[in-house]
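Just so we're aligned, residue 28 is where the sequence shown starts under the working numbering, counting upward by one.
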Amino acid sequence: MRHFIVFLFAALALALAACSAPAPASNASQVVTLDANEFKFEPATVQITTGRPVKVILRNKGSIEHDWSVMKLAVAGKQESGDAHGMSNMAEEPAVHVAAMNGKTGELEFTPTSPGTYEFVCTVAGHKEAGMVGKLVVVNP
Ligand SMILES: [Cu+2]
Numbered sequence: 028m029r030h031f032i033v034f035l036f037a038a039l040a041l042a043l044a045a046c047s048a049p050a051p052a053s054n055a056s057q058v059v060t061l062d063a064n065e066f067k068f069e070p071a072t073v074q075i076t077t078g079r080p081v082k083v084i085l086r087n088k089g090s091i092e093h094d095w096s097v098m099k100l101a102v103a104g105k106q107e108s109g110d111a112h113g114m115s116n117m118a119e120e121p122a123v124h125v126a127a128m129n130g131k132t133g134e135l136e137f138t139p140t141s142p143g144t145y146e147f148v149c150t151v152a153g154h155k156e157a158g159m160v161g162k163l164v165v166v167n168p
């Protein structure tokens, strides 16, 4: 019984600590989480704001490799940490790109600098045609 009570207090302390975490500041990073599978993105429409860093988390829920790419996009401070894959077969390199093997997660950070509506795609051969496209809406704050 005593152990149970100790456990209860520990759990309560943890819960309180989690609740008292400071609220994110207004200029904090924007986090966009996308799931990729055969052959779509979820969500298919993403909205972000210019001038604030964006972290894109690509979770590959499918059974083959996928990526998230925007061919034309004005960005600053780009950082990619995903599974690298060959882009040499592409006529044109995407402005932003993050890849993830099946079951893995890739991350990409950038700050959009110009508002507009852009198309995002999976650049793996045939995937865009199969439906791996979406809309990235960039708005001014
Ligand atoms: Cu794909």
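Virtual Cβ for every residue (Gly too), placed ideally from N, Cα, C.
The alpha-carbon separation between T140 and E65 amounts to approximately 31 Å. For the pair V59 and V83, the CB atoms are nearer than the 9 Å cut-off. Judged by DSSP secondary structure, E156 falls within the alpha helix (DSSP H) whose first and last residues are H154 to A157. Closer than 8 Å to some heavy atom of ligand 1: that does not describe the Cβ of F147. Straight across, the Cα-Cα distance linking T150 with V166 is about 25 Å. Per DSSP, the continuous beta strand (DSSP E) segment holding D62 begins and ends at Q57 to N64.
Not one heavy atom of ligand 1 is found less than 8 Å from the C-beta of G161.
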